[in-house]
Amino acid sequence: MTQAISAMSFIRPELRVQLMRWREALLGAAVACVAAYWAVTSLSTVGRAAGTSFAIVGLLILFAGIQRARFRRGSGGAGVVQLDEGVVVYFGPFEGGAVAVEALERVELDPAPPAGAWVLTTAENRAQPLVIPTDAANAEALFDVFAALEGLDTERMLRHLASHPGERVPVWEAPQRAGRAPRLTRS
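Using the UniProt record's numbering, the first residue of the sequence shown is number 1, and each one after it goes up by one.
Now the structure itself:
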């Protein structure tokens, strides 16, 4: 009756979920602490400089990890999100779609129950934008997409996500580019 016991089986499921949510932040904190100890206890100038440099890198990882953890809403929501060469693809149980990141005109946060949803609008899908639940599988991949959008205020987006607004909130709109011709719509 020999059973292989994994290290994670000793951790309560709720704690495991939180550890996975905050994994980058925990890694950054560990790197920063070890590197700071190395910088303080090193007897050479090179060792102190290297320890200090790695401590700074650890703090940057910690900062990015905190933002990512705040963005994660968990899993278990409807559908799956995939990123493929600059295209966000959502496979939902009833609906789905794909949006090219460079074609995005607007990103909104819809507080629709149970966990809310991201609403991605382009010129081609204005009548029927792509709606992705914030807790869909792999929805955390949208953080990198949103962070790369020109002019997006990440902290503002994270505040809206945490506050559960009562109505749809615009998170980002494409800036008007100089020399860009106005789009004409057909009737």
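Where is the CB? At the ideal position from N, CA and C, for every residue including glycine.
Closest to residue i by CA distance: which of the options is it?
| i | options | result |
| --- | --- | --- |
| Ala141 | Glu173, Arg72, Ile56, Glu14 | Arg72 |
| Tyr37 | Trp22, Arg23, Ser53 | Ser53 |
Along the alpha helix (DSSP H) that carries residue i, what are the first and last residues, could you check?
| i | result |
| --- | --- |
| Phe94 | Here Phe94 belongs to no alpha helix (DSSP H), and DSSP marks it neither H nor E. |
| Gly18 | The amino acid at residue 18 is misidentified as Gly; the sequence shows Gln. Gln18 -> alpha helix (DSSP H) spans 13-21. |
| Gln82 | Careful: Gln82 lies outside any alpha helix (DSSP H), inside the beta strand (DSSP E) at 80-84. |
| Leu149 | Run containing Leu149: none; DSSP gives neither H nor E here. |
What separation, rounded to the nearest whole angstrom, lies between the Cα atoms of residue i and residue j?
| i | j | result |
| --- | --- | --- |
| Val107 | Gly166 | 17 Å |
| Phe10 | Phe94 | 38 Å |
| Thr41 | Ala55 | 13 Å |
| Arg180 | Gln18 | Any reading at Arg180 needs caution, since the residue's pLDDT is 48, under 50, leaving its predicted position unreliable; the model's value is listed next. Those two C-alpha atoms are separated by around 45 Å. |
| Trp118 | Ala127 | 16 Å |
| Ala50 | Arg168 | 47 Å |
| Pro114 | Ala78 | 10 Å |
| Ala162 | Leu26 | 21 Å |
| Asp153 | Ile61 | 19 Å |
| His160 | Leu109 | 8 Å |
Compute the beta-carbon to beta-carbon distance between residue i and residue j, rounded to the nearest angstrom, for a pair I have assumed lies under 8 Å.
| i | j | result |
| --- | --- | --- |
| Ala151 | Pro175 | As written in the sequence, residue 151 is Gly, which differs from the Ala given in the question. Contact flag correct, Cβ pair sits at about 5 Å. |
| Val99 | Leu149 | Incorrect: roughly 12 Å between the Cβ atoms, too far for contact. |
Closer than 8 Å is the cut-off here; do at least three beta carbon pairs connect the region 134-152 with the region 81-96? yes
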